[in-house]
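Novice: Here you go, one structure.
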Ligand code: G6P
């Protein structure tokens with residue numbers, strides 16, 4: 143039954159809708175819900191308290207998950223992070239201090255560039271931690287520790303539920319590092335664990351925006367280009383939004399850090415350009431809104447993904463996809479949902495096969 147679309151038209155739709163369940167399952171594996179603490183089912187292969195730096199590498203959507211997590215590792219655990227796409231990392235020949243930790247992220251555990259990065263790091267004396275969705279994969283076998291996302295088989299070529307499960311696991315890992323490094327106390331740990339525990343319910347709420355997203359997707363399907371903007375963890379999510387739309391609808395899209403708008407992409411803004419803004423209520427919310435006002439001043443068509451009152455505060459016309467109020471730390475897990483749904487419904491409306499986009503493979507085992 144795992145390979146059955148159920149009542150859905152595509153595996154991708156089914157997999158998007160499975161997220162409350164699979165993210166919840168993944169979280170419950172790395173958190174102790176009875177005590178409200180983080181509890182990893184494995185020993186970290188390094189001393190997290192003294193680790194000077196974490197190196198992360200991955201490809202495609204898994205790389206975007208790593209990029210989101212780099213903000214968490216740095217801000218919550220005060221751990222410096224170096225992150226790079228695997229196809230560059232493997233050929234850069236970066237010097238790595240012995241005993242460091244290399245984190246690889248991969249749904250399949252077989253992506254050639256990510257596997258080559260793993261082997262390079264191992265040869266450089268690194269401990270290897272990988273996050274994979276396939277327990278029998280090559281990466282799982284070649285790692286010191288393989289942490290499993292419990293997304294279940296992902297059939298749609300464009301990754302959705304594996305991505306949010308990677309984020310869930312990475313958030314738990316960031317908390318475990320923070321705890322070991324003494325950057326959060328028991329009270330802060332309990333607060334952050336409670337935030338994570340709320341995520342599956344918030345994802346279920348976000349899924350209820352689907353009818354509205356479907357209407358917006360009809361409009362989006364007429365666009366030639368689409369711009370996605372965000373700050374903080376919403377910046378990598380903007381990159382992921384653009385990637386998803388490109389992958390399955392073949393509309394050209396770009397993700398940009400909202401603060402970089404003025405250094406180039408604002409030149410593209412006119413009434414034909416849909417601009418999708420990811421604006422959870424976090425410490426950069428006001429800054430993001432002021433970037434949206436710059437877009438509005440140039441007649442850009444704004445789709446704002448934020449909380450209900452944001453439209454009011456914005457004070458300029460925008461289509462708003464209103465998500466429930468939430469603490470901002472792990473908003474990426476929830477804001478990912480409308481981003482996936484927008485890409486999916488745009489592709490479906492355009493008559494594209496969302497599960498099998500042209501020229502793409504689920505797992506790229508060649509360079
Ligand atoms: C392919 C897929 C993407 C995926 C990427 C990395 O390009 O189409 O959806 O994100 O590979 O795959 P991995 O299995 O390493 O996560």
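In this note's numbering, the protein residues as written are 143 to 509. Cβ coordinates follow ideal geometry from the N, Cα and C atoms, glycine included. Being a predicted model, the structure only gives us computed values, none of them experimental.
Considering only DSSP beta bridges, list what residue 272 is partnered with.
Specialist: Answer by DSSP bridge pairing, in chain order: 246 and 288.
Novice: Are there any heavy atoms of the ligand G6P lying less than 7 Å away from the beta-carbon of residue 197, as far as the coordinates show?
Specialist: Residue 197 Cβ: outside cutoff for every heavy atom of the ligand G6P.
Novice: Compare the Cα-Cα distances from residue 365 to each of 197, 202, 443 and 153 and report the closest residue.
Specialist: Nearest C-alpha to residue 365: 443.
Novice: Helix, strand or coil: which one does DSSP assign to residue 150?
Specialist: In the structure shown, residue 150 sits in coil (DSSP, three-state: anything other than H, G, I, E or B).
Novice: Could you give the DSSP three-state label for residue 487: helix, strand or coil?
Specialist: Three-state DSSP puts residue 487 in a helix.
Novice: Should residue 201 be listed as close to the ligand G6P, given that the test is whether its C-beta is under 7 Å from any heavy atom?
Specialist: Residue 201 Cβ: within cutoff of the ligand G6P.
Novice: Buried or exposed: which applies to residue 350, given that a residue is buried once 16 or more other Cβ atoms fall within 10 Å of its Cβ?
Specialist: It is exposed - the Cβ of residue 350 has fewer than 16 other Cβ atoms within 10 Å.
Novice: Does the ligand G6P have even one heavy atom less than 7 Å from the beta-carbon of residue 504?
Specialist: Yes, the Cβ of residue 504 comes within 7 Å of a heavy atom of the ligand G6P.
Novice: Per the contact definition of three or more C-beta pairs closer than 8 Å, is the segment 159-173 in contact with the segment 269-285?
Specialist: Too few Cβ pairs lie closer than 8 Å, so no.
Novice: Just to confirm, does residue 300 get its C-beta within under 7 Å of one of the non-hydrogen atoms of the ligand G6P?
Specialist: Yes, since a heavy atom of the ligand G6P falls inside the 7 Å radius drawn around the Cβ of residue 300.
Novice: Heavy atom of the ligand G6P less than 7 Å from the Cβ of residue 259, yes or no?
Specialist: For the ligand G6P, not one heavy atom lies less than 7 Å from the Cβ of residue 259.
Novice: Whether or not the segment 231-250 and the segment 406-414 are in contact is what I'm after, with contact meaning three or more pairs of Cβ atoms, one per stretch, closer than 8 Å; do they touch?
Specialist: No, the segment 406-414 is not in contact with the segment 231-250.
Novice: Quick one: using the 10 Å Cβ neighbour count with 16 as the cut-off for buried, is residue 409 buried or exposed?
Specialist: With fewer than 16 Cβ atoms within 10 Å of its Cβ, residue 409 is classed as exposed.
Novice: Return helix, strand or coil for residue 370, following the three-state DSSP convention.
Specialist: DSSP places residue 370 in strand when its eight states are reduced to three.
Novice: Would you say the beta carbon of residue 510 comes nearer than 7 Å to a heavy atom of the ligand G6P?
Specialist: Residue 510 is absent from the model: the chain starts at 143 and stops at 509.
Novice: Give me whichever residues DSSP pairs with residue 463 in a beta bridge.
Specialist: Bridge partners of residue 463: 447.
Novice: What first and last residue would you give for the beta strand (DSSP E) that runs through residue 185?
Specialist: Run containing residue 185: none; DSSP gives neither H nor E here.
Novice: Does the beta-carbon of residue 391, which I'm using as the reference point, lie nearer than 7 Å to any heavy atom of the ligand G6P?
Specialist: Flag unset: Cβ of residue 391 not near the ligand G6P.
Novice: How should residue 192 be labelled, buried or exposed, when 16 other C-beta atoms within 10 angstroms of its C-beta is the threshold for buried?
Specialist: Exposed, because fewer than 16 other Cβ atoms sit within 10 Å of the Cβ of residue 192.
Novice: When you compare each of 486, 249, 235 and 421 to residue 264 by their alpha carbons, which one comes out closest?
Specialist: Checking every option, the nearest Cα to that of residue 264 belongs to 235.
Novice: In terms of residue numbering, what span does the beta strand (DSSP E) encompassing residue 395 cover?
Specialist: That run of the beta strand (DSSP E) goes 394-399.
Novice: Cα-Cα, which of 436, 255 and 195 is closest to residue 406?
Specialist: For residue 406, the nearest C-alpha among the options comes from 436.
Novice: Buried or exposed: where does residue 230 fall if 16 or more other Cβ atoms within 10 Å of its Cβ makes it buried?
Specialist: So residue 230 counts as exposed.
Novice: If you follow the alpha helix (DSSP H) that residue 168 is in, where does it begin and where does it stop?
Specialist: Note, residue 168: alpha helix (DSSP H), 161-172.
Novice: Which one or two residues does DSSP pair with residue 197 in a beta bridge?
Specialist: Answer by DSSP bridge pairing, in chain order: 224 and 244.
Novice: Can you tell me whether residue 325 sits near the ligand G6P, meaning its C-beta is under 7 Å from at least one heavy atom of the ligand?
Specialist: No, since every heavy atom of the ligand G6P falls outside the 7 Å radius drawn around the Cβ of residue 325.
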